[in-house]
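Protein sequence lines correspond, in order, to chains A and B. According to my numbering, the stretch in the first sequence is residues 1 to 195, in order. According to my numbering, the stretch in the second sequence is residues 1 to 159, in order. Heads up: the structure comes next, in C-alpha cells.
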Amino acid sequence: MILVIAMASIQSTKKGYEVGDVVRDFNLKNVEGKQVSLSNYKDAKGFIVIFDCNSCPVSKLYNKRIQALHKKYSSSGFPVVAINANDAEKSPEDSYEQMVKEAKAKEYEFAYLYDQSQEVAHAFGATNTPQAFILVKKDAALKVAYIGAIDNNARDESKAEKKYVENAVDALLKNQPFSITKTKAIGCGIGWKDA
Amino acid sequence: MKQILACIVLIFLCQDSLVAQNARTIKVSELEAILKAKTDKIQVINFWATWCAPCVKEMPIFEKANIDITEAKVTLISLDLNLDPAPEKVYRFIERKKLASTVFLLDEPDPNFWIDKIDKRWSGALPATLVLNTKTGKRQFVEHELVEGELESLIATVK
C-alpha cells in the first residue's frame, strides 16, 4: 500500500520527458494555418524541437542561431521545429497572429507551431524559452537525446565555446555517443495559463 | 553660484554612488556565501531581470516584504548582465522604481555551470524565488510569478 502511494507520488511529481524517454507525436498549427505532426517529416532522422516565442529577449538573442541550426541540419535530417506555448492573454506579443507576422518578417524556414492548449509544452516538461529538445529516431520511435540550452553564452555567440545542440546533433549524425545531454540556461519562464 | 553648483554636483555624485553601491556586481561564489552564512533572518532571494515582465510585475511583493516582514531579508539578484554587459539599465530601473531592497547584479556567464548551485530544482526560468532558513537549512524554491500572500506562506513553511 505504502509502495503504491510512493509510486503515485513519484508519478505526479515527474514533470515531462527525460533524456531517453519516448516522445508522443503531436499535432499543432503552423504559421501557414496547417496542422503539423512530427510523423509528417518522412525523411527526418530526428528533430531539434525548440520551445521559443516572439517576446522573450533571450529568444530574440538566439533567433539567428536558431535559423542557422535549421539551415545547417535540416538537409541532413534534423530540422528545427519551434513551438510557442506562451499564453497570449499573459503575453499578447506571443499570440498566433503575432507568430505569423514574426515568421514572415524574419523569413522563418523552419516550422513555427502554436501550442495554444499548452499540452505539448506540459508533455515535454518545457520550462523556459528558448529551450531545445533534440529527438532522435530509433526503431520507429522518437527518443529524447538532449534537453537544454542551445549554447553557453546568450549574450555573445562568438564567446559561446560550448555549442551544446550542435555537438549533440553532430554526434547523433555520426552515431557517436556524447557526454552533455542536459543543460540549463537563464530564460523566460513559459507564460502558463492560470490553472 | 559656484557653491550652489558644487552642491548640486555633489548631490548627483552621491546619488549615483548610492545607487551603484546598492546594486553591486557579484560572482556566484559570493551568492553561495550568502546562502551558507547562518543568519537570524529568513533569506528571500528573488532572481529577476529588467527584461522579464512577470518579474517586474511581482517586484512590489518583494519591496513590501522587505519593509513589512522584519524576520526576512530580501535580496534581488538581477540577471540582466546575462544578456547585456552594461549595468546602467538596472541602475536606472532601481532609481525609477525607488527599490529599497538590496540588489546585486550577478555577473556569471555559462549558466549551466552555476544554476544548480543555487537550487537543483531551478530550470533557469525567470522569475524564480528561493526562501531559505539558513539555520535549519529548510528551503522553498518556486519558479513562477508570485501571487498575493504566497511569499508569506513560503516564509512560514521554512520557519
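Cβ coordinates follow ideal geometry from the N, Cα and C atoms, glycine included.
> To the nearest angstrom, how far is it from the Cα of A:ILE134 to the Cα of A:SER179?
Replying inline: Within the first sequence, numbered from 1, the residue matching residue 134 of chain A stands at position 134. Within the first sequence, numbered from 1, the residue matching residue 179 of chain A stands at position 179. Going by the C-alpha atoms only, they are around 14 Å apart.
> So is A:PRO177 in contact with chain E if we call contact Cβ pairs under 8 Å?
Replying inline: The chain labelled as chain E is not found among the protein chains of the depicted structure, namely A and B.
> For B:TRP51, which three-state DSSP category applies?
Replying inline: Here residue 51 of chain B refers to the residue found at position 51 of the second sequence. Coil.
> Which one of A:LYS174, A:GLY16, A:VAL136 and A:GLU102 has the shortest CA to CA distance from A:ALA44?
Replying inline: Taking the first residue of the first sequence as 1, we reach residue 44 of chain A at position 44. Measuring C-alpha to C-alpha distances from A:ALA44 to each of A:LYS174, A:GLY16, A:VAL136 and A:GLU102 identifies A:VAL136 as the nearest.
> So, is the C-beta of B:GLN21 closer than 8 Å to a C-beta in chain A?
Replying inline: The sequence position of residue 21 of chain B within the second sequence is 21, counting from 1. Its pLDDT being 48, under 50, B:GLN21 is placed unreliably in this model, and the value from its coordinates should be taken loosely. For B:GLN21, the answer is no, since every Cβ of chain A falls outside 8 Å of its Cβ.
>> If distances are taken between C-alpha atoms only, which option among B:PRO111, B:PHE141, B:LEU130 and B:VAL142 comes closest to B:LYS210?
In response: Residue 210 of chain B cannot be examined here, being either before or after the span of chain B that is shown, 1 to 159.
>> What does DSSP give as the partner residue(s) for B:LEU83 in the beta ladder?
In response: Here residue 83 of chain B refers to the residue found at position 83 when the second sequence is read from its first residue. Residue pairing from DSSP leaves B:LEU83 without any beta-bridge partner.
> Closest Cβ-Cβ distance between B:PRO111 and chain A: below 8 Å?
Replying inline: One-based indexing of the second sequence puts residue 111 of chain B at position 111. At least one C-beta of chain A is nearer than 8 Å to the C-beta of B:PRO111.
> Ordered along the chain, which non-local residues of its own chain (more than five positions away) have a Cβ less than 8 Å from that of B:ALA23?
Replying inline: Position 23 of the second sequence holds residue 23 of chain B. So the list reads SER78, PRO87, VAL90, TYR91, ILE94, VAL103, PHE104 and LEU105, once near-sequence residues are dropped.
> Applying the criterion that 16 or more other CB atoms from any shown protein chain within 10 Å of the CB defines a buried residue, is A:SER91 buried or exposed?
Replying inline: For this step, residue 91 of chain A is matched to residue 91 along the first sequence. Buried, by the Cβ-count rule.
>> Between which two residues does the beta strand (DSSP E) holding A:THR127 run?
In response: Counted from its first residue, the first sequence places residue 127 of chain A at position 127. Counted as a single uninterrupted DSSP element, the stretch harbouring A:THR127 is not any beta strand (DSSP E), since DSSP gives it neither H nor E.
> Rounded C-beta distance between B:PRO54 and A:GLY189? I'm assuming under 8 Å.
Replying inline: Numbered from its first residue, the second sequence carries residue 54 of chain B at position 54. Numbered from its first residue, the first sequence carries residue 189 of chain A at position 189. Contact flag correct, Cβ pair sits at about 7 Å.
> Which one of A:ASN153, A:TYR164 and A:ALA171 has the shortest CA to CA distance from B:PRO85?
Replying inline: As a first step, residue 85 of chain B must be located in the second sequence, where it is residue number 85. Taking the Cα of B:PRO85 as reference, the smallest distance to any Cα among A:ASN153, A:TYR164 and A:ALA171 is reached at A:ASN153.
> So is B:ALA100 buried or exposed if we call it buried at 16+ other beta carbons inside 10 Å?
Replying inline: By one-based count along the second sequence, residue 100 of chain B stands at place 100. So B:ALA100 counts as exposed.
>> For a test of the three-state rule: what should DSSP assign to A:PHE78, helix, strand or coil?
In response: By 1-based counting over the first sequence, the position of residue 78 of chain A is 78. Under the three-state reduction of DSSP, A:PHE78 is assigned to coil, being neither helix nor strand.
> By Cβ distance below 7 Å, which residues in the same chain neighbour A:GLY125 in space, the five residues on each side in sequence not counted?
Replying inline: Counted from its first residue, the first sequence places residue 125 of chain A at position 125. These residues qualify, in order along the chain: LYS15, GLY16 and TYR17.
> So A:ASN30 packs on A:SER37, CB below 8 Å; how close in whole Å?
Replying inline: Here residue 30 of chain A refers to the residue found at position 30 of the first sequence. Here residue 37 of chain A refers to the residue found at position 37 of the first sequence. Not confirmed; about 11 Å, so no contact.
>> Judging by CA-CA distance, which residue of A:HIS122, A:ALA103 and A:ALA140 is the nearest neighbour of A:GLY33?
In response: The residue you call residue 33 of chain A lines up with position 33 of the first sequence. Check the Cα spacing between A:GLY33 and each of A:HIS122, A:ALA103 and A:ALA140: the tightest is with A:ALA103.
>> Can you look up A:LEU172 in the DSSP assignment and give me helix, strand or coil?
In response: Along the first sequence, one-based indexing puts residue 172 of chain A at 172. DSSP places A:LEU172 in helix when its eight states are reduced to three.
>> Our contact map puts B:LYS97 next to B:MET59 with C-beta atoms below 8 Å; I'd like the distance itself, whole angstroms only.
In response: Along the second sequence, read from residue 1 onward, the residue named residue 97 of chain B stands at position 97. Along the second sequence, read from residue 1 onward, the residue named residue 59 of chain B stands at position 59. Under the criterion of beta carbons closer than 8 Å, B:LYS97 and B:MET59 qualify as touching, at roughly 7 Å.
> When the distance is taken between beta carbons, is B:ALA128 closer than 8 Å to B:GLU143?
Replying inline: Sequence index remark: in the second sequence, residue 143 of chain B carries index 143 (1-based). Sequence index remark: in the second sequence, residue 128 of chain B carries index 128 (1-based). With contacts defined as CB atoms closer than 8 Å, B:GLU143 and B:ALA128 qualify as a contacting pair.
>> Can you pull out the residues from the region 119–140 of chain A whose beta carbon lies closer than 7 Å to at least one beta carbon of chain B?
In response: Those residues of the region 119–140 of chain A that come within reach of chain B (Cβ to Cβ, closer than 7 Å) are THR127 and ASN128.
> Hey, is B:ALA125's beta-carbon within less than 8 Å of any beta-carbon in chain A?
Replying inline: Position 125 of the second sequence holds residue 125 of chain B. Yes, because at least one Cβ of chain A sits closer than 8 Å to the Cβ of B:ALA125.
> Starting from A:TYR112 and walking both ways along the alpha helix (DSSP H), at which residues does that stretch end?
Replying inline: By 1-based counting over the first sequence, the position of residue 112 of chain A is 112. Boundaries around A:TYR112 are those of the beta strand (DSSP E), 111–114, since no alpha helix (DSSP H) includes it.
> Per DSSP, B:THR129 is paired with what?
Replying inline: Here residue 129 of chain B refers to the residue found at position 129 of the second sequence. B:THR129 pairs with B:ASN46 and B:VAL142.
> Three-state secondary structure (DSSP) at A:SER59?
Replying inline: In the first sequence, counting from the first residue as 1, residue 59 of chain A sits at position 59. Secondary structure at A:SER59: helix, using DSSP grouped into helix, strand and coil.
> So with Cβ pairs under 8 Å, would you call B:GLU143 a contact of chain A?
Replying inline: Along the second sequence, read from residue 1 onward, the residue named residue 143 of chain B stands at position 143. It does: the Cβ of B:GLU143 has a partner Cβ on chain A nearer than 8 Å.
> Run through DSSP, which three-state label would A:PHE178 get?
Replying inline: The sequence position of residue 178 of chain A within the first sequence is 178, counting from 1. Reduced to three states, the DSSP call for A:PHE178 is coil.
>> Just to make sure I have the definition right: I need the residues of chain A whose C-beta is within less than 7 Å of the C-beta of B:ILE115. Which are they?
In response: Against the second sequence, residue 115 of chain B aligns to sequence position 115. Those within 7 Å of B:ILE115 in chain A are LYS184.
>> Tell me which residues of the region 82–109 of chain B have at least one Cβ-Cβ distance to chain A shorter than 9 Å, keeping chain order.
In response: For the region 82–109 of chain B, residues whose beta-carbon sits nearer than 9 Å to a beta-carbon of chain A comprise ASN82, LEU83, ASP84, PRO85 and PRO109.
> Along the region 30–51 of chain B, what residues have a CB closer than 7 Å to any CB found in chain A?
Replying inline: Answer set for the region 30–51 of chain B: TRP51.
> Quick one: what's got a C-beta closer than 6 Å to A:CYS53's C-beta in the same chain, skipping five residues either side?
Replying inline: Indexing the first sequence from 1 puts residue 53 of chain A at position 53. Annotation for A:CYS53: SER59, ASN84, ASN86, ASP94 and THR129 place their beta carbon closer than 6 Å to its own, counting only its chain and skipping 5 residues before and after.
> Which bits of chain A does B:LEU154 rub up against, with CB to CB less than 7 Å?
Replying inline: For the purposes of this step, residue 154 of chain B is taken as residue 154 along the second sequence, with counting starting at 1. In chain order: nothing, as chain A lies at least about 17 Å away.
> In terms of residues, what are the limits of the alpha helix (DSSP H) holding A:PHE26?
Replying inline: To locate residue 26 of chain A, count along the first sequence from 1; it is residue 26. A:PHE26 -> no alpha helix (DSSP H), and no H or E assigned at all.
> To which residues does DSSP link A:GLY148 through a beta bridge?
Replying inline: Translated into the one-based positions of the first sequence, residue 148 of chain A becomes position 148. Answer is A:ALA132, bridged to A:GLY148.
> A:ALA82: which of A:ALA88, A:PRO57, A:SER75 and A:VAL120 sits nearest, CA to CA?
Replying inline: The residue given as residue 82 of chain A occupies position 82 in the first sequence. Relative to the Cα of A:ALA82, the nearest Cα in the group A:ALA88, A:PRO57, A:SER75 and A:VAL120 belongs to A:VAL120.
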